[in-house]
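To start, the structure under review is shown below, and the notes come after it.
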Amino acid sequence: MNSLLIGPATRKQVVFAGLCALFVLLALTIAGPRAHQTLPPITPFMPMCALTVFTTSGIAAFLLGARFTVTPQPMLGALGGAYAFTAITVALQLLMFPGVFTRTGLLGAGPHSAAWMWVFWHAGFPLLVILATLARDRLPNKPIGLPYIDRWTWALIGIPSALAAALGILAIHANLSAPFHMAPETNTLSGGRTGLVICSLDVLALAVVLFKGRLRTVLDLWVTVALLASFADASLNLLSMAPFTLGWYVARVFSMLAPGVLVCVLVWEVTVLYRELSEAHTSLLHTSTRDALTRIYNRSYFNDQFRREFERATRNGQPLSLVMVDVDNFKDYNDAFGHLRGDACLSAIAKALAGTARRPSDFVARYGGEEFALVLPDTGSEEASVIAEQARLAVMDLGLNAPLPAGRVTVSAGCATTEPTMLSTPNALVQAADAALYDAKRAGRNRVESVTPRR
């Protein structure tokens with residue numbers, strides 16, 4: 018199965034991704050100079066954002082890992098690991114954050130543990146994206162063998178997850194000093210060198226993705242947008258780390274956008290794949306019920322559908338008619354013109370017979386060889402005889418020349434109808450129509466005969 022995610026991007030996709038990137042840069046440009054502007058405090062905003070990032074990153078990791086098991090491209094699995102790392106680090110930061118669950122944070126967190134988890138989260142994600150991008154070029158034409166896919170999936174996603182957990186232990190027990198410093202001129206926290214390093218990592222990751230991928234695939238486009246959102250998040254935190262400022266609010270919106278944008282693309286891909294699968298299934302069902310030569314319904318479809326129509330007619334107390342049609346002297350036609358002309362003749366006759374089945378419930382099937390069946394639900398014997406005669410004339414109107422007494426290809430037809438008061442079976446109706454067909458043959462061919470099924 019081809020992956021749309023690593024397939025070439027269309028022009029519309031490039032334009033849409035470009036508009037999203039432009040929106041991120043425009044929002045950063047507008048919010049940056051006003052980053053210190055104080056806004057009304059919304060206390061649940063930070064935990065809500067963290068929970069959203071955790072959820073979307075977890076979904077992205079799961080979908081990328083699942084996609085990797087189907088399309089074993091190392092970049093997909095490695096990106097899944099990057100988002101698994103993000104999910105765990107943001108979850109640990111939320112648990113450690115003072116005032117969310119307890120006054121000092123859970124897990125025995127120190128005064129700077131949550132801040133360090135933020136640093137690990139924002140520095141680790143671009144680093145892992147760089148590794149994922151390089152992994153694609155390391156193994157461009159060597160897909161991972163199927164027996165090792167599960168092992169690789171656990172490795173590519175499990176190792177970054179274990180790294181995130183180890184960094185969480187480090188943030189709690191290493192007694193690290195504050196990663197940010199107090200700006201004397203404003204008496205507020207400033208990102209300083211730490212923020213500059215994180216922003217530089219985002220820029221480096223952007224450069225690697227752009228250089229290696231050249232925005233050729235759908236994945237390249239949206240990883241670029243995710244990295245832009247991560248860069249905007251880090252930049253606004255570098256400008257203002259004070260809670261409930263414009264920069265603080267917008268930064269957290271971008272933190273949600275970084276994993277959210279790829280989740281949307283992954284869900285879109287799944288939707289497209291489901292639609293293609295549904296269309297393929299419908300096409301397969303259509304093909305499986307059609308005769309390969311004549312393109313009308315085949316014997317298998319006739320057996321199933323005719324039985325259903327018979328049961329429906331019996332249940333509703335309606336008549337059901339069956340017309341069996343056979344091409345006269347078809348062996349002689351084949352002997353004279355060859356099997357290719359014979360196949361063309363059968364196709365033309367099938368098309369002519371199908372033209373007589375005008376109601377949605379009527380259908381024509383190739384019963385076998387040069388024999389066809391016309392099923393007419395809710396049709397009495399007189400009306401069925403009329404339709405059978407129309408079918409006979411439709412074949413004659415084709416004007417197919419033949420070395421036969423009539424000078425052209427003709428058909429014989431036998432009609433049988435089961436009425437509501439009759440005790441009959443599907444096989445009995447087929448036998449009755451077949452008997453009528455042979456009556457027409459014995460009577461000189463190129464005619465229609467009708468019989469009543471035996472009770």
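Residue numbers (the numbering used here): 18 to 472.
Virtual Cβ for every residue (Gly too), placed ideally from N, Cα, C.
Quick check on residue i: buried or exposed, where buried means 16 or more other Cβ atoms within 10 Å of its Cβ?
i	result
Gln90	buried
Tyr291	exposed
Met63	buried
Met199	Interpretation of Met199 is limited by its pLDDT of 44, a score under 50 that renders its predicted location unreliable; no figure is taken from the coordinates.
Ile186	exposed
Gly431	buried
Trp135	buried
Glu399	exposed
Pro420	exposed
Ile47	exposed
His139	buried
Ala405	buried
When you compare the CB positions of residue i and residue j, do they come within less than 8 Å of one another, or not?
i	j	result
Ala408	Val340	yes
Ala67	Pro177	no
Thr15	Ala52	With the chain running from 18 to 472 in the structure shown, residue 15 is simply not present.
Ile215	Ser130	no
Leu227	Thr241	yes
Leu283	Gln30	no
Ser247	Phe85	no
Gly277	Ile174	no
Val426	Leu410	no
Ile147	Thr88	no
Ala224	Leu279	no
Leu253	Ala275	no
Roughly how many whole angstroms lie between the Cα atoms of residue i and residue j?
i	j	result
Asp360	Ser378	27 Å
Thr1	Ala433	Coverage of the chain is limited to positions 18 through 472, which leaves residue 1 absent and any answer about it impossible.
Ser364	Val342	14 Å
Glu388	Asp395	23 Å
Asp456	Glu466	7 Å
Ala77	Ala83	10 Å
Phe118	Thr60	13 Å
Leu245	Ile313	56 Å
Ala297	Phe354	38 Å
Gly461	Ile366	20 Å
Gln309	His303	Here the sequence assigns Ala to residue 309, which means Gln is not the residue at that position. Cα-Cα distance, rounded: 11 Å.
Met413	Arg324	31 Å
Ala449	Tyr384	15 Å
Asp321	Val403	26 Å
Leu213	Leu301	57 Å
Asn204	Leu256	The pLDDT assigned to Asn204 is 40, lower than 50, so where the model puts this residue is not dependable; a value taken from the coordinates is nonetheless given after this. Taking the straight line joining both Cα atoms gives about 13 Å.
Leu370	Phe347	16 Å
Phe137	Thr27	35 Å
Gln110	Arg120	14 Å
Phe114	Pro58	17 Å
Classify residue i as helix, strand or coil using the three-state DSSP reduction.
i	result
Thr234	strand
Leu261	Position check: residue 261 holds Phe in this sequence, whereas Leu was assumed. Of the three classes helix, strand and coil, the one that applies to Phe261 here is coil, per DSSP.
Arg462	coil
Leu391	strand
Asn418	strand
Leu151	helix
Leu22	coil
Arg307	strand
Ala83	helix
Thr55	strand
Phe380	strand
Asp345	coil
message = For the structure I just gave you, are there three or more beta carbon pairs, one from the segment 100-107 and one from the segment 181-196, closer than 8 Å?
response = Touching, yes.
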